[in-house]
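Written out below as structure tokens is the structure these notes cover.
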Amino acid sequence: MLNLSLLEGTFAVCRFPPSTALPHWAVGGKFFSITKTMDELSLVCPQESTPETLNCERNWRCLKVEGPLDFSLTGVLSSLTLPLAQAGISIFAISTYDTDYLLVKEDRLEQAVAILSRQGYRFIKQKQPSS
């Protein structure tokens, strides 16, 4: 089974029209994600940097699948999301070249951790990046 870690802080998920310039406040902190499509500009960023007046989904916590994961691995996200879905826990998933991240609402975090622990996932202290 894979190891998971919990990123520090809370995150906001924001949506903008696709023509929006990337806001400077969105790219601070140790973790942020930017996705631009023909339909939208979607940002996940530290909640503390998000302007209060902005309409975003707030109070997300982020679980990291410790990687890197090989591209030949199959079913990683489904093995995480299925037991959470069965418990009625919504997620917001982000995949990168090396790994996957699952955002769950802060008020469901404890329940999500318990469910994934019962599924055999091991929660470890987040690795610090090397300088």
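Each step along the sequence shown adds one to the number in full-length UniProt numbering, with nothing skipped, and position 113 is 113.
Every residue, glycine too, gets a C-beta built ideally from N, C-alpha and C.
Residue burial classification, residue 112 (beta-carbon count within 10 angstroms, cutoff 16)
Burial check for residue 112: the Cβ neighbour count within 10 Å reaches 16 or more, so the residue is buried.
Using 10 angstroms around the beta-carbon of residue 30, count the other beta-carbons present and answer buried if the total reaches 16, otherwise exposed.
Around the Cβ of residue 30, a 10 Å sphere holds fewer than 16 other Cβ atoms; the residue is exposed.
Residue 17 to residue 40 span [Cα, whole Å]
Going by C-alpha positions, residue 17 is about 5 Å away from residue 40.
For residue 60, the residue or residues it bridges with in DSSP:
Looking at the DSSP assignment, residue 60 forms a beta bridge with 11, 105.
Cβ pair residue 62, residue 22 closer than 8 Å
Going by C-beta atoms, residue 62 is not nearer than 8 Å to residue 22.
For residue 124, which residues in the same chain have their Cβ closer than 6 Å to its Cβ, ignoring the five residues on either side in sequence?
Closer than 6 Å at the Cβ level, and outside the excluded window around residue 124, lie 3, 5.
3-residue-minimum beta strand (DSSP E) runs that sit fully inside the UniProt domain "A9CJY8-like N-terminal" (9-52), ordered along the chain:
For the UniProt domain "A9CJY8-like N-terminal" (9-52), whole beta strand (DSSP E) runs of length 3 or above, ordered along the chain, are 11-16, 33-36, 41-46.
Look at the Cβ atom of residue 118, then the Cβ atom of residue 89, and state whether they are nearer than 8 Å.
Result no, Cβ atoms of residue 118 and residue 89 do not sit closer than 8 Å.
Among 11, 94, 104, which one has its Cα closest to the Cα of residue 51?
Answer by Cα proximity: 11.
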